[in-house]
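Here's the structure we're looking at; comments come further down.
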Amino acid sequence: MDLGLTGRVALVAGGTSGIGLACAREFAAEGAHVAVCGRDPDRLAAAERELSAVATGLVHASRVDLADGDAGARWVERVAADLGGVHVLLVSGGSPPIGTATMFGPDDYRAAVDRVLLPAVTVSLAAVARMRAAGWGRVLLVASETACVPIGPLALSGVTRAALVRFAQGLAVDVGRDGVTVNVLAPGGVRTPPMERAAARLAGADGDVGERLAAMGHHSALGRLARPDEVAAVAAFLAGERASYVTAGVHLIDGGAAATGPDLPHLTGVRRDTYA
């Protein structure tokens, strides 16, 4: 299936590992020019090498801290100048600490908003200005299953991801007649590096990491965690021409976990820094 991404310029914020890198790889394999940004120079260099191995277009890698005020907007303008436009933006950021609502104070909630919501807002508004001028664009914001399903031990995630959804839906209405669509990806458990590190912490020195990873995914209908490339496949479709009538949507990619029901033993009694 030709997704119509050849020659498009796709920006992936947080594109140096996990879901973000998998999405960047999909865009590159589809013929897009791909720009990624991240904070860690080693991960950035590794991501650039991995993307260059599959890309037919250009690959652009920048060290950017999206939490640093207008750094994200400056990155968008720099990529637009270097690659000739902005057609697709995918924002894949970090997750806030885990814990119930009363485990946190106002400063924790404020920090979570600063970490998850505001960087996505800043970079999206900068990208949309370019997309409107071009008359075509796709904005994809990676949230979490907590955008759709309340999970008690993931209070900060629920608060920030719900806000991300409302921003995306408002933006979709605002820019839809300019040829720009806006969608939210809501993955459940995905086997990413942070998830693997969390499993190692939970397992301890003598524990079975594989057993912990299996427990993290057991409650889905498929009985496992998702692979990053499975989320990226959905992102690639939504970024393409064939998804031109899909906007303001929240796309749950949880392997049927919401239908199975909440059963999350791996979150019972864990510390708030386990998934940091």
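Residue numbering for the sequence shown follows the UniProt record's numbering, beginning at 1 and increasing consecutively.
Backbone N, C-alpha and C fix where the C-beta goes; we use that ideal spot for every residue, glycine too.
When the Cα atoms are used, VAL231 and ALA22 turn out to be separated by approximately 8 Å. Taken through DSSP and simplified to helix, strand or coil, PRO193 comes out as helix. Within a 10 Å sphere around the beta-carbon of THR100 sit fewer than 16 other beta-carbons, which makes this residue exposed.
Nearest to ALA129 by C-alpha distance, out of LEU171, GLY223, GLY31 and LEU225, is LEU171. By the C-beta criterion, the region 104-120 is judged not to be in contact with the region 44-52, since fewer than 3 inter-stretch pairs fall below 8 Å.
By the C-beta criterion, the region 216-224 is judged not to be in contact with the region 32-45, since fewer than 3 inter-stretch pairs fall below 8 Å. Taking C-beta atoms as the reference points, ALA221 and GLY256 count as a pair closer than 8 Å. With a cut-off of 8 Å on Cβ pairs, the region 160-177 is not in contact with the region 190-199, counting fewer than three such pairs. With at least 16 other beta carbons inside 10 angstroms of its own, ALA198 counts as buried. By the neighbour-count criterion, in which 16 or more other beta carbons inside 10 Å mark a residue as buried, MET1 falls on the exposed side.
Per the C-alpha coordinates, the member of GLY69, ALA236 and HIS251 positioned closest to ALA29 is ALA236. A residue is called buried when at least 16 other Cβ atoms come within 10 angstroms of its Cβ; VAL79 meets this threshold and is buried.
Straight across, the Cα-Cα distance linking THR16 with ALA259 is about 32 Å. Taking 8 Å as the upper bound for CB-CB distance, PRO96 and LEU156 are in contact here, some 4 Å apart. When THR146, SER92, ALA203 and ASP254 are compared, the shortest CA-CA separation from SER124 is found for SER92.
From the listed residues ALA203, ALA233 and ALA186, the smallest Cα separation to VAL250 is found for ALA186.
Looking at VAL12, LEU202 and ALA147, the one whose alpha-carbon comes closest to that of HIS87 is VAL12. Check the Cα spacing between LEU89 and each of LEU58, ARG212, PRO150 and GLY14: the tightest is with GLY14.
Nearest Cα to GLU241 within the set ASP229, THR181 and ALA203: THR181.
Non-local C-beta neighbours of ASP65 in its own chain, meaning closer than 7 Å and more than five positions away in sequence, comprise ARG39 and ALA71, ordered along the chain.
In the DSSP assignment, VAL88 is bridged to ALA10 and ARG138. With a contact defined as Cβ atoms closer than 8 Å, LEU51 and ALA24 qualify at about 6 Å. Looking at the backbone, the Cα of VAL159 and that of THR6 are separated by about 37 Å.
ALA32 and VAL76 do not touch by the CB rule: their CB atoms are close to 16 Å apart, not below 8 Å. Remark: C-beta atoms of GLY179 and GLY135 approach each other more closely than 8 Å. Counting along the chain, GLY38 sits inside no alpha helix (DSSP H); it lies in the beta strand (DSSP E) bounded by residues 33-38. LEU225 is positioned such that its CB atom lies no closer than 8 Å to that of CYS148. Here the C-alpha atom of GLY223 lies approximately 11 Å from the C-alpha atom of GLY189. Here GLU145 is buried: its Cβ has 16 or more other Cβ atoms, across all protein chains shown, within 10 Å.
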